[in-house]
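Numbering (the UniProt record's numbering), first residue to last: 1 to 90. Cβ coordinates follow ideal geometry from the N, Cα and C atoms, glycine included.
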Amino acid sequence: MAEQLLDVSEMEPPEPLVLTLAAAESLATGDYLHMIHRRFPCLLFDNLDQRRCGYLKREAASGRFDVYIWSLDDPDAEMQARQAAEQLSA
Numbered sequence: 001m002a003e004q005l006l007d008v009s010e011m012e013p014p015e016p017l018v019l020t021l022a023a024a025e026s027l028a029t030g031d032y033l034h035m036i037h038r039r040f041p042c043l044l045f046d047n048l049d050q051r052r053c054g055y056l057k058r059e060a061a062s063g064r065f066d067v068y069i070w071s072l073d074d075p076d077a078e079m080q081a082r083q084a085a086e087q088l089s090a
């Protein structure tokens, strides 16, 4: 099980959306995606729902957004993603 980190905070649209969806679709069993963005990725979540991906959103005090993404068919990846998101919030 591993975290796949994708920092799109310096990219311009639509590159963050395209790269995040491609990475989400290629996750191996047990892996989750940790996406970092400088703003709220509003178009992302409907696309993730359509691809049967679960996700958690976290906004840092700095305004940075962290999104944790996993396949809904992968409970181990979900558990790891939730633990990572919880550590970020602590």
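Quick one: Cα of residue i to Cα of residue j, how far?
i	j	result
Leu17	Asp46	11 Å
Pro13	Ala60	21 Å
Tyr32	Ser62	24 Å
Glu3	Leu43	23 Å
Leu56	Leu19	18 Å
Gly30	Gln83	13 Å
Glu78	Arg38	23 Å
Ser89	Phe65	12 Å
Gln87	Gly54	18 Å
Gln80	Met1	8 Å
Ala85	His34	9 Å
Quickly, what does DSSP pair residue i with across the bridge? List them, please.
i	result
Glu59	Phe65
Met79	Answer is none; Met79 lacks a bridge partner.
Cys53	Ser71
Asp7	Ile36
Quick check on this structure: which residue in the options has the alpha carbon closest to the alpha carbon of residue i?
i	options	result
Leu6	Ala22, Ile36 and Ala84	Ile36
Ser71	Arg58, Leu21 and Arg52	Arg52
Using 8 Å for Cβ pairs, my map puts residue i next to residue j. What's the rounded Cβ distance?
i	j	result
Ile69	Ala24	5 Å
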